[in-house]
Every structure is written in C-alpha cells, then in structure tokens.
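S.K.: I have a structure here, written as structure tokens, and I will follow up with some questions on it.
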Amino acid sequence: MTTRTRILTGITTTGTPHLGNYAGAIRPAILASRDSNADSFYFLADYHALIKCDDPLRIQRSRLEIAATWLAGGLDVDRVTFYRQSDIPEIPELTWLLTCVAAKGLLNRAHAYKASVDKNVEAGEDPDAGITMGLYSYPVLMAADILMFNAHKVPVGRDQIQHVEMARDIGQRFNHLFGQGKEFFTMPEALIEESVATLPGLDGRKMSKSYDNTIPLFSSAKDMKDAISRIVTDSRAPGEAKDPDNSHLFTLFQAFATAEQSAGFRSELLQGLGWGEAKNRLFQLLDSELGEARERYHQLIERPADLEDILQHGAKKARAVATPFLNELREAVGLRSFVSQVQVAASTKKKATKAARFVSFREDDGSFRFRLLAADGEQLLLSRHFADGKAAGQVTKQLQSGQPLDVRNDGQSFSVWLDGECVADSPAFADSAARDAGIDALRVALTPAQD
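Residue numbers for the sequence shown follow the numbering used here, beginning at 391 and rising by one.
Printed below as a string of structure tokens:
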C-alpha cells in the first residue's frame, strides 16, 4: 500500500498578502498540492497572529484576505484540507498536553525568544520586559499544529527550521512517556525549497511588510503600477547597457516569466532598454499573470459568507482527523472516563474465570472472517474479509501477541489497525462513553494472562 506524504503549511494572519508571500509560499504550496501522492493540509495561523498583533480588526481583515488569496490562487479545497487554526479546538488542547512534556530549557533556546531577550539587555531593560508567554510558548503551539495531523513534511523558511526540530523533540518526549511502545507522533521534517523565490522589495531588501517595501498582490492595477514605478534602479540612462544580474527589477520579472520571456528581457536590458520601459514591461507581465486571480480575489472578498462555508467545511475535514486522535492521546495520558474504569474493573474480574475468545468463520462468498467475543459472549470486534483462513489466523495471532493496539475512534464505534490497514471494527455503541468502555474492554480482553 502506497503511503501518501502529508504536507502541512500555515500562514500567520497579520497582514495583506504581497507579491513576496505569493511567490515564496502560496504559489509553490498550491502547485505541490496537485501532486497525487501528497495529502496537503493548509491553514490560517490565526492563533499565532495573536502573539504578534493586538489589533482585532487587522487580524479579522487579514484572515479574510489570506483565505481569499489562497482560493484565488487556485487552491482546490476538494483535494486538500484548508482550515482556520482557531476552528480546531483540539489544537489548543494538544498544545497543553505538549506543554506539560516540553522542557523549559528547550524553549529558552528558541531564536525568537532569545532575540527579544538580547534586545532588552542591549537596551538596559529587564531581560523579559514585554515578552509574553505567547511568544515564549510559540514553538509548542507550532508543534501542536504539526503533530496534530502527523505531517511528514513542513515547508518552511530557514528561520523556522528550529521550530520543526523542536516539534520533533517534543513529540519524541511524548512518545517516550506515554507510548508504551507505540509511536503516537510521526517525526516531521523541515522542507526547504531552494528553488522557491525570495523576492526583493522596492528597495532591494527582502520584500517584507516590516520594511514597507512590498508590491501589493491583488490591489488595483493602478496601485500595482504605482508600486512598480518606485523600484530602486541605478542611474544608467536609456541606451546604456544594464546589468540584469544585479537588477532587483529583473529578479522580480524572472520570478513570473517563462524562460523564453526572461531571456528576451535580459537581452533587451543588455542592449540598453530604459528603466521606465523596463518597469512597464514588469507591470504588463504581472498584470497578465495575476489579472484573473485578482478578479476572483475581489469576488471572494465581497462574499465572506461563502468563504466562511468553505473554511467550516475544511474544519470538519480537519476535525475528522483531530478529534479521534486527541481522544486517543487523552486516554494515553490518563484523562479517561470514570465509566470506562468501572467497565475495565468488571471485565478484569470476569477474565479470571473465563477468557475472551476468537471465533473464525467463512462467509458465503468464500472469504474468511473472525469475531472477538468477550468473556460474557458480547461481540467486541468483527474482522474485515480475508482471502484465506491463514491470513485471518495471522491477524488474530498478532492481536493476541500483546503488542500495543492501534485503535481509532469513528463516531460511536472504533476500528483496529495493523501495519497501516484496518483489520476489524467494533459494533456501534449508544454513546461515546460506551464506546470508550468498549475500547477498554478490548484492551483487557487482549492482554496476555499473567501466571
């Protein structure tokens, strides 16, 4: 069975997307999502935004604009899971579970926290002046984002590599403390795309809102043209040869042009194309490349209810993964139902006199199946279909081996998995408490007897 690579990307909602955001993060992520072997999770990191911004209106507007940007850029929400971080209540709960195992010394070494401390010390302030627990705990929240969905790859800039490494450290610690041989969390890897463009801004520095040197992505054509006209160039006059390799304008052109277009533009600059005309060529290219997306963007902005429906649908998909997984983690750390504990105690007593048993049978279609019956005869599991009796027998043998069970909740029932495949299902229970009791009874039934 081919395993799809799960990729997770989030964008903090603190500003209006610009050309650098699009070329450096959004466009490559949308292209990657079209890979048939990718299972893509994209989210609006609005909890993270609260660390950096205390303006509610700015955060609300940014959430709307960034959601519209992803969709206008061509993100297919039927192929991916697209959601707001704040619509997944399991994420802050997982953040707390991870906080309880995260070492303070690890968080002390986080780059953002250390930079803030160093800045305070240089200014003669208290080292922790103005530093919130949000900033300090940022790596744990990011770890929860990643580990909640067991992402294999996390595309990040080089300044975020440390956070992915910290997510690995925290996930490994949780696995060690509570896994009992089971790896709850996949160890994520930072994905650095060397070919992805880091665009220069109007002044040649990295395009960034903090430098006020951005080119708007989906503002009017006039605003884009005005921004392009402010790109800093050298003093060479029309007719004088220009150096494309040291031109910020050419770098921007190249990020959106075909190889043929770039070669032609380079040739014209070397032949003395004036900077004014060169800026006009860049505007025409961007207007052509982004015009349709700009129109879709403004249509979406004017229909916030449609955007809300899309994000709620995405949240439902995300929670279908997050809710049963968090229930499993809650059980692992001991946050279990009292009803389940009573059921386990009763099952344990019954086991002393009569053990649970597997019953194998053959269906009319020739396939083989088995049931696991509790000591009192209640059915705990019904297997999937197997081609032959030997395969069914091997599965029952594995289940009785004492290895940790991979049990996954599915509404009012649960399923058992081996080697990444579902092998058996429980009956439907009256409620989640009864389902949890059934899981506990299953674990007791499959616990090897002690002498």
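We put the beta carbon where it would ideally sit given N, CA and C, even for glycine.
1) Shortest alpha-carbon distance to residue 766 belongs to which of 713, 832 and 758?
2) Go ahead and pull the three-state DSSP assignment for residue 785.
3) Pull up the DSSP beta-bridge partners for residue 408, would you.
4) Once the 5 residues before and after residue 740 are set aside, which same chain residues still bring their CB inside 6 Å of it?
5) Please work out which residues of its chain come closer than 7 Å, Cβ to Cβ, to residue 841, disregarding the five sequence neighbours upstream and downstream, and give them in chain order.
6) Can you look up residue 590 in the DSSP assignment and give me helix, strand or coil?
7) Tell me the DSSP secondary structure of residue 627 in three-state form.
8) Nearest-angstrom Cα distance between residue 787 and residue 574?
9) Tell me which residue opens and which closes the beta strand (DSSP E) that residue 799 is part of.
10) Verify whether the separation of the beta carbon atoms of residue 435 and residue 403 is less than 9 Å.
11) Could you have a look at residue 632 and say whether DSSP puts it in helix, strand or coil?
12) Do you know offhand how far residue 503's Cα is from residue 524's?
13) Do residue 796 and residue 807 have their C-beta atoms closer together than 9 Å?
14) In three-state DSSP terms, what is residue 403?
15) Ignoring anything shorter than 4 residues or poking outside the stretch 630-704, list the alpha helix (DSSP H) runs there in chain order.
16) Judging by CA-CA distance, which residue of 528, 463 and 467 is the nearest neighbour of residue 554?
17) Taking only the alpha-carbon atoms, compute the straight-line gap between residue 533 and residue 571 and give it to the nearest angstrom.
18) Below 8 Å on the Cβ atoms is my guess for residue 409 versus residue 605; work out the distance and round it to an integer in Å.
19) Quick one: grab the DSSP three-state call for residue 769.
20) Looking at residue 647 and residue 675, is the spacing between their C-beta atoms short of 9 Å?
21) Could you check whether the stretch 619-636 touches the stretch 441-458, counting it as contact only if at least three pairs of C-beta atoms, one from each stretch, sit closer than 8 Å?
22) Kindly identify the DSSP beta-bridge partner or partners of residue 530.
23) Express the C-alpha separation of residue 595 and residue 659 in angstroms, rounding to a whole number.
24) Using CA coordinates, which residue listed in 467, 463 and 437 is at the minimum distance from residue 862?
25) Do you know how far the Cα of residue 608 is from the Cα of residue 477?
26) Suppose you measure from the CA of residue 830 to the CA of residue 427; what does that come to, to the nearest Å?
27) Reducing DSSP to helix, strand and coil, say where residue 522 ends up.
28) So for residue 426, helix, strand or coil by DSSP?
29) Kindly identify the DSSP beta-bridge partner or partners of residue 720.
30) Would the stretch 629-642 and the stretch 709-716 be scored as touching if the rule is three or more Cβ pairs under 8 Å?
31) Candidates 837, 780, 762 and 779: which alpha carbon is nearest residue 805's?
32) Does DSSP put residue 613 in a helix, a strand or coil?
33) Secondary structure at residue 621, three-state DSSP: helix, strand or coil?
34) Are there three or more Cβ pairs, one per stretch, closer than 8 Å when the stretch 537-547 is compared with the stretch 691-705?
35) Excluding five sequence neighbours on each side, which residues of the same chain lie with their C-beta closer than 6 Å to the C-beta of residue 821?
36) How would you call residue 612, buried or exposed, if buried means at least 16 neighbouring beta carbons within 10 angstroms?
M.R.: Walking through what the data contain:
1) Along the sequence shown, read from residue 1 onward, the residue named residue 766 stands at position 376. With distances taken between Cα atoms, residue 766 lies closest to 832.
2) Taking the first residue of the sequence shown as position 1, residue 785 is located at position 395. If DSSP states are grouped into helix, strand and coil, residue 785 belongs with the helices.
3) Position 18 of the sequence shown holds residue 408. Residue 408 is bridged by DSSP to 606.
4) In the sequence shown, the residue the question calls residue 740 occupies position 350. For residue 740, the predicted model reports a pLDDT of 48, less than 50, meaning its position is unreliable; a value from the coordinates is still stated below. For residue 740, where only same-chain residues beyond five positions count, the Cβ hits under 6 Å are 765.
5) Walking along the sequence shown from the start, residue 841 turns up at place 451. Reliability of the predicted coordinates at residue 841 is poor, the pLDDT of 45 falling under 50, and the value obtained from them is presented with this limitation in mind. Counting only Cβ-Cβ distances below 7 Å, and skipping sequence neighbours, we find nothing.
6) Start at 1 with the first residue of the sequence shown, and residue 590 comes out as number 200. Collapsing the DSSP output to three states places residue 590 in a strand.
7) As a working mapping, residue 627 is identified with position 237 in the sequence shown. Under the three-state reduction of DSSP output, residue 627 falls in the coil class, being neither helix nor strand.
8) In the sequence shown, the residue the question calls residue 787 occupies position 397. In the sequence shown, the residue the question calls residue 574 occupies position 184. One alpha carbon belongs to residue 787, the other to residue 574, and they sit about 23 Å apart.
9) Locating residue 799 in the sequence shown gives position 409, where the first residue counts as 1. For residue 799, the enclosing beta strand (DSSP E) begins and ends at 796-800.
10) Counting from 1 along the sequence shown, the entry for residue 435 is found at position 45. Counting from 1 along the sequence shown, the entry for residue 403 is found at position 13. Residue 435 places its beta carbon less than 9 Å from that of residue 403.
11) Taking the sequence shown and counting its residues from 1, the one referred to as residue 632 is at position 242. In the structure shown, residue 632 sits in coil (DSSP, three-state: anything other than H, G, I, E or B).
12) In the sequence shown, residue 503 corresponds to position 113, counting from 1. In the sequence shown, residue 524 corresponds to position 134, counting from 1. Rounded to the nearest whole angstrom, the C-alpha separation of residue 503 and residue 524 is 10 Å.
13) Within the sequence shown, the letter at position 406 stands for residue 796. Within the sequence shown, the letter at position 417 stands for residue 807. The answer is yes: Cβ separation under 9 Å.
14) Against the sequence shown, residue 403 aligns to sequence position 13. Assignment of residue 403 by DSSP, reduced to helix, strand and coil, places it in the coil class.
15) 638-646, 649-660 and 665-691, all fully within the stretch 630-704.
16) Working through the sequence shown from its first residue, we reach residue 554 at position 164. Out of 528, 463 and 467, 528 has the C-alpha closest to the C-alpha of residue 554.
17) Mapped onto the sequence shown, residue 533 falls at position 143. Mapped onto the sequence shown, residue 571 falls at position 181. Spanning the two alpha carbons is a distance of roughly 21 Å.
18) The residue you call residue 409 lines up with position 19 of the sequence shown. The residue you call residue 605 lines up with position 215 of the sequence shown. Confirmed, about 4 Å.
19) Start at 1 with the first residue of the sequence shown, and residue 769 comes out as number 379. Residue 769 falls in the strand class under three-state DSSP.
20) For the purposes of this step, residue 675 is identified with residue 285 of the sequence shown, where counting begins at 1. For the purposes of this step, residue 647 is identified with residue 257 of the sequence shown, where counting begins at 1. Cβ distance < 9 Å, so residue 675 and residue 647 count as in contact.
21) No, the stretch 619-636 does not touch the stretch 441-458.
22) Along the sequence shown, one-based indexing puts residue 530 at 140. BP columns for residue 530 are empty, so no partner.
23) Counted from its first residue, the sequence shown places residue 659 at position 269. Counted from its first residue, the sequence shown places residue 595 at position 205. The straight-line gap separating the alpha-carbon atoms of residue 659 and residue 595 is approximately 22 Å.
24) With the chain covering only 391 through 841, there is no way to say anything about residue 862.
25) Position 87 of the sequence shown, counted from the first residue, corresponds to residue 477. Position 218 of the sequence shown, counted from the first residue, corresponds to residue 608. Roughly 26 Å separates the two Cα atoms.
26) Position 440 of the sequence shown, counted from the start, is the residue given in the question as residue 830. Position 37 of the sequence shown, counted from the start, is the residue given in the question as residue 427. Cα to Cα, the separation comes out at about 36 Å.
27) As a working note, residue 522 is residue 132 in the sequence shown. Three-state result, residue 522: coil.
28) For the purposes of this step, residue 426 is identified with residue 36 of the sequence shown, where counting begins at 1. The answer is coil: DSSP assigns residue 426 none of H, G, I, E or B.
29) As a working note, residue 720 is residue 330 in the sequence shown. Assignment of beta-bridge partners to residue 720 by DSSP yields no partner.
30) Cβ pair count under 8 Å is below three, so no.
31) The residue you call residue 805 lines up with position 415 of the sequence shown. The residue from 837, 780, 762 and 779 with its alpha-carbon nearest to that of residue 805 is 762.
32) What you label residue 613 is simply residue 223 of the sequence shown in a count that begins at 1. Helix, per DSSP.
33) Within the sequence shown, residue 621 is the residue found at index 231, counting from 1. DSSP places residue 621 in the coil class of the three-state scheme, outside both helix and strand.
34) By the Cβ criterion, the stretch 537-547 is not in contact with the stretch 691-705, since fewer than three pairs of Cβ atoms, one from each stretch, lie closer than 8 Å.
35) Looking up residue 821 in the sequence shown gives position 431. Excluding its 5 nearest sequence neighbours in each direction, residue 821 has no C-beta neighbour in its own chain below 6 Å.
36) Mapped onto the sequence shown, residue 612 falls at position 222. Residue 612 comes out exposed.
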